[in-house]
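Undergrad: Structure incoming, see below.
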Amino acid sequence: MKPSKSKRLLPEKMPEMSLRNRIAVYYTIATTLLIALIFSGILFMVDRAVSTHYDGELMYEVAETISDLKIKDKYFNDLAHAAKFDDDEVNYKEKKIKQENVDIDLEFIQLVDSQGRVAKKSENLSSKALIFKPDNSNIIYFNGMVEGSMLRHVQVPLVNPDGVTKGYLIVAHSLANALTFLRDLEIIFLFSFPVIIPALFIVTRFIAGKSIQPIDDIMTTAEKISKTNLNQRIPLPHHQDELHRLSATINALLDRLQDAFQREQQFTADASHELNTPLAVVKGTLEVMISKPRAIEHYEARVKFCLLELNRMSKIIDKLLMLALYEGNKISPNIEPIILPQLIGDVVTRMESTALENNISITVSGSKNERVAADPAMLEMMLENILLNAIKYSPGSSLITIVLERKEDDITCSIQDQGIGIPEKNILKIFDRFYRVDESRNSKNGGVGVGLSLVKKLADLQQITVTVQSRPNIGTKFILTFLSA
Numbered sequence: 008m009k010p011s012k013s014k015r016l017l018p019e020k021m022p023e024m025s026l027r028n029r030i031a032v033y034y035t036i037a038t039t040l041l042i043a044l045i046f047s048g049i050l051f052m053v054d055r056a057v058s059t060h061y062d063g064e065l066m067y068e069v070a071e072t073i074s075d076l077k078i079k080d081k082y083f084n085d086l087a088h089a090a091k092f093d094d095d096e097v098n099y100k101e102k103k104i105k106q107e108n109v110d111i112d113l114e115f116i117q118l119v120d121s122q123g124r125v126a127k128k129s130e131n132l133s134s135k136a137l138i139f140k141p142d143n144s145n146i147i148y149f150n151g152m153v154e155g156s157m158l159r160h161v162q163v164p165l166v167n168p169d170g171v172t173k174g175y176l177i178v179a180h181s182l183a184n185a186l187t188f189l190r191d192l193e194i195i196f197l198f199s200f201p202v203i204i205p206a207l208f209i210v211t212r213f214i215a216g217k218s219i220q221p222i223d224d225i226m227t228t229a230e231k232i233s234k235t236n237l238n239q240r241i242p243l244p245h246h247q248d249e250l251h252r253l254s255a256t257i258n259a260l261l262d263r264l265q266d267a268f269q270r271e272q273q274f275t276a277d278a279s280h281e282l283n284t285p286l287a288v289v290k291g292t293l294e295v296m297i298s299k300p301r302a303i304e305h306y307e308a309r310v311k312f313c314l315l316e317l318n319r320m321s322k323i324i325d326k327l328l329m330l331a332l333y334e335g336n337k338i339s340p341n342i343e344p345i346i347l348p349q350l351i352g353d354v355v356t357r358m359e360s361t362a363l364e365n366n367i368s369i370t371v372s373g374s375k376n377e378r379v380a381a382d383p384a385m386l387e388m389m390l391e392n393i394l395l396n397a398i399k400y401s402p403g404s405s406l407i408t409i410v411l412e413r414k415e416d417d418i419t420c421s422i423q424d425q426g427i428g429i430p431e432k433n434i435l436k437i438f439d440r441f442y443r444v445d446e447s448r449n450s451k452n453g454g455v456g457v458g459l460s461l462v463k464k465l466a467d468l469q470q471i472t473v474t475v476q477s478r479p480n481i482g483t484k485f486i487l488t489f490l491s492a
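Numbering (this note's numbering), first residue to last: 8 to 492.
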């Protein structure tokens, strides 16, 4: 089936830019906007400076002209005298240029009456007239075109001693030079952009490449690390910066992965061994049983033995399943008030046969009516694992004591054995998953290193605090701290 025309017309997805190019593009855009803002600010300030300069010159001419007008008071009373300013009347030093174009190097002066009629003007204006803005009683500055030339104007009202405005003095100066300068400056700025922007992008891309080179090195090293060489680490940069922190974080992650991977491998081997051993024993026993006819008592003994091995396998599998549920967050406690001494009594009753097989006694003392908030099934599993651990590592004819105590708002349950104890350096590790203090002893006692790990995880789910005190060859004490119900 051929693809439809609409699908063929769809634009292909554009390839994503590399980090180096993205940094260069973003930096170039930001810098371009900043340069444009700076250029605009420069043009604005130059324009203001030029205007201020011309305004100062214009006011200087205004002051001189008004001074002359005050000397010749007739101009304040009658503005209808000569048609032009000349050199003799106002001592104004200017060349008498009679041409159509306005002289851009000189100021131009014009005197108008209150009605706006030109009463007098400088000779360089010839037939031209400056712009007049009526109905303004204050000094004003403005730009205006006078026959094709842009002039800067200042308009000053002429007020006689009686407070009557008799007319206006208008002085102007050509802005041709200033406009040419500003236009040239704009052209320089505009033409410099096509040169600055590509150069800025190239330089920024080069700098970005140098900056992210350590990241490329980290990626290259990380890509080479697999489960076969988890011991390899990323070299730490010399500078204590973000890249150093990133490398250290990745190395710490690799440490945890390597540790978890090694422990998983160890657990797989241990679990395989522990499950294969009873299977092999059961298989061998059954093969011997069917090899030839035997007495009924022999069959009963062998079947009971096989059942014990199968029960052992079942317990191992149950613990592994419980740990898997915990790790997958698929288990939640059913908290309810529990009479703790009663629950402990039930657990001890179930464990007595195992203890007696090893000639070990279990005693319970303390308060008889304490209530705690916990999940009954989880708490029973915790106590069974702790007691089973105590029985495994206690010598024959020894004692396991369980003591209940109330300490303010807390209730504690301590389980003390007289076993081989745990070295101090290993106490913090005994709750780690698959951790075993002594491989040979665990092998002989049938442990796989999941019981105490399960105890800690179930305790955390129920907000029960578990602490351990131990001394080698003296014994170990597990202390469970509950909140009263």
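No residue lacks a Cβ here, since even glycine has one placed at the ideal position from N, Cα and C.
All values derive from a computational prediction rather than experimental measurement.
Return the CA-CA distance between S121 and H180, expressed in angstroms with no decimal places.
TA: In a straight line, the C-alpha of S121 is about 23 Å away from that of H180.
Undergrad: Give the DSSP bridge partners of S368, in chain order.
TA: In the DSSP output, where bridge partners are listed per residue, S368 has L406.
Undergrad: Does DSSP put R413 in a helix, in a strand, or in coil?
TA: In this structure, R413 counts as strand in the three-state DSSP scheme.
Undergrad: Less than 8 Å between the CB atoms is what I'm expecting for Q146 and H160, so what's the real figure, rounded?
TA: The sequence given here places Ile at residue 146; Gln does not occur at that position. That pair is no contact at about 11 Å.
Undergrad: How many Å lie between I45 and M52 at the Cα?
TA: Cα-Cα distance, rounded: 10 Å.
Undergrad: Would you kindly work out how many angstroms separate the C-alpha atoms of S368 and E230, rounded to a whole number?
TA: Approximately 58 Å between the Cα atoms of the pair.
Undergrad: At the level of alpha carbons, what is the spacing between T275 and I323?
TA: About 13 Å.
Undergrad: Note down, in chain order, each residue of its chain lying with its Cβ closer than 8 Å to the Cβ of Q470, except the 5 sequence neighbours on either side.
TA: L490.
Undergrad: Could you spell out the range, first to last residue, of the alpha helix (DSSP H) harbouring G155?
TA: First-last for G155: undefined, no H or E at that position.
Undergrad: Please return the same chain residues whose Cβ sits closer than 7 Å to the Cβ of R309, not counting the five positions on each side in sequence.
TA: If we look at R309 and ignore the five residues flanking it on each side, its Cβ neighbours are T292 and M296.
Undergrad: Anyone know if the C-beta pair for G403 and N365 falls short of 9 Å?
TA: Cβ distance < 9 Å, so G403 and N365 count as in contact.
Undergrad: According to DSSP, is A380 part of a helix, a strand, or is it coil?
TA: Three-state DSSP puts A380 in a strand.
Undergrad: Quick check on E23: buried or exposed, where buried means 16 or more other Cβ atoms within 10 Å of its Cβ?
TA: Classification for E23: exposed.
Undergrad: Of all the options A185, M329, P168 and S321, which has the alpha carbon lying nearest to the alpha carbon of M157?
TA: Cα-wise, what sits closest to M157 is A185.
Undergrad: Could you tell me whether the Cβ atoms of R252 and I30 are closer together than 9 Å?
TA: Cβ atoms of R252 and I30: not closer than 9 Å.
Undergrad: Rounding to the nearest angstrom, what Cα-Cα distance links E96 and L65 in this structure?
TA: Caution applies to E96, whose pLDDT of 43 falls short of 50 and renders its modelled position unreliable; the value that the coordinates give is listed next. E96 and L65: Cα-Cα distance of roughly 20 Å.
Undergrad: Measuring alpha carbon to alpha carbon, tell me which residue in H245, T472 and D424 is nearest N480.
TA: N480 has its Cα closest to that of D424, out of H245, T472 and D424.
Undergrad: By the three-class DSSP mapping on this structure, what secondary structure does S74 have?
TA: Looking at S74 - three-state DSSP - the assignment turns out to be helix.
Undergrad: Assuming F422 and L394 are in contact, meaning their beta carbons sit under 8 Å apart, how far apart are those beta carbons, in whole angstroms?
TA: Here residue 422 is Ile; the residue named in the question, Phe, does not match the sequence. With a Cβ gap of about 7 Å, I422 and L394 count as contacting.
Undergrad: Spell out the partners DSSP gives G482 in its beta bridges.
TA: Answer is R478, bridged to G482.
Undergrad: Check whether the region 370-385 touches the region 337-354, counting contact only when three or more Cβ pairs, one atom from each stretch, lie closer than 8 Å.
TA: Contact between the region 370-385 and the region 337-354 is present, because at least three Cβ pairs lie under 8 Å.
Undergrad: According to DSSP, simplified to helix, strand and coil, what is L182?
TA: It is coil, neither helix nor strand.
Undergrad: Going by CA-CA distance only, name the one from I203, L250 and H246 that's closest to M226.
TA: Out of I203, L250 and H246, L250 has the C-alpha closest to the C-alpha of M226.
Undergrad: Assuming contact is defined by CB atoms lying nearer than 9 Å, are L487 and T419 in contact in what I supplied?
TA: Yes.
Undergrad: Relative to the alpha-carbon of G216, which residue among N143, M358 and L26 has its alpha-carbon at the smallest distance?
TA: Nearest option by C-alpha distance: L26.
Undergrad: Using the Cβ count rule (16 or more neighbours within 10 Å means buried), how would you classify A87?
TA: Annotation note: pLDDT 44 at A87 (below 50); position unreliable, coordinate value reported separately. The residue is exposed, with fewer than 16 neighbouring Cβ atoms inside 10 Å.
Undergrad: May I ask which residues mark the beginning and end of the alpha helix (DSSP H) holding A466?
TA: A466 -> alpha helix (DSSP H) spans G458 to L468.
Undergrad: According to DSSP, I418 sits in a beta bridge with which residue or residues?
TA: Looking at the DSSP assignment, I418 forms a beta bridge with R413 and F489.
Undergrad: Which residues does DSSP pair with D120 in a beta bridge?
TA: Paired residues: G174.
Undergrad: Is the CB-CB distance between F198 and T35 below 9 Å?
TA: Contact: no.
Undergrad: Closest to K432 by C-alpha separation, out of S254, E68, R478 and D467, would be which residue?
TA: If we check each option's Cα against that of K432, R478 comes out closest.
Undergrad: Tell me which residues share the same chain as L50 and place their Cβ nearer than 8 Å to its Cβ, disregarding the 5 neighbours each side in the sequence.
TA: Cβ within range, chain order: L189, L192, E193 and F196.
Undergrad: Output needed for A136: all residues of its chain with C-beta closer than 8 Å, excluding positions within five of it in sequence on either side, in chain order.
TA: Result list for A136: Q117, V125, K128 and V153, in chain order.
Undergrad: Which same chain residues end up closer than 7 Å to I204 when comparing Cβ atoms and leaving out the 5 residues on each side of it in sequence?
TA: So the qualifying residues of the chain are T35 and T39.
Undergrad: Within 10 angstroms of the Cβ of A397, are there 16 or more other Cβ atoms? Answer buried if so, exposed if not.
TA: When all chains shown are included, A397 counts as buried.
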